[in-house]
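Asker: Pasting a structure here, questions to come.
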Amino acid sequence: MSSIVHIFSKPISYYSNVDMGLISRTDKVLLQQDACYDQSKFLINCPASIFMLETCALARGVLPDNSITLVDDLSWVDLIASSDKSLTW
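Its first residue numbered 0, the sequence shown is counted upward by one per residue in numbering that gives the first Met the number 0.
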């Protein structure tokens, strides 16, 4: 089964026309930039594993929820490489 890394960089309200049903359980979601602020809303609406870019979280003073995996720049590259494709929203 193929997997996609969905990359979000804005608060979830920016994506009002995005159907989170398009994200499958085998996909991964990466929160970066201002999407880090809305981690709890992404958790509620998303069936996939959620990751947060460490540099973005630190820059914004955001601590990730326990169910979100914090990734550094090298892990981010591995995350993209281990998936079939990536999609930036």
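Note that the Cβ used here is the ideal one computed from N, Cα and C, for glycine as well.
In angstroms, rounded to a whole number, what distance separates the CA positions of SER1 and ILE22?
Answerer: 12 Å
Asker: Would you kindly work out how many angstroms separate the C-alpha atoms of LYS9 and SER74, rounded to a whole number?
Answerer: If you draw a straight line from the Cα of LYS9 to the Cα of SER74, it is about 21 Å long.
Asker: Report the option in ASP33, ALA47, ILE3 and SER15 whose CA atom is closest to the CA atom of ARG118.
Answerer: There is no way to answer for residue 118, as the model of the chain reaches only from 0 to 88.
Asker: Relative to the C-alpha of ALA80, which candidate in MET51, LYS27, LEU57 and ALA56 has its C-alpha closest?
Answerer: LYS27
Asker: For ILE22, which of helix, strand or coil comes out of DSSP?
Answerer: coil
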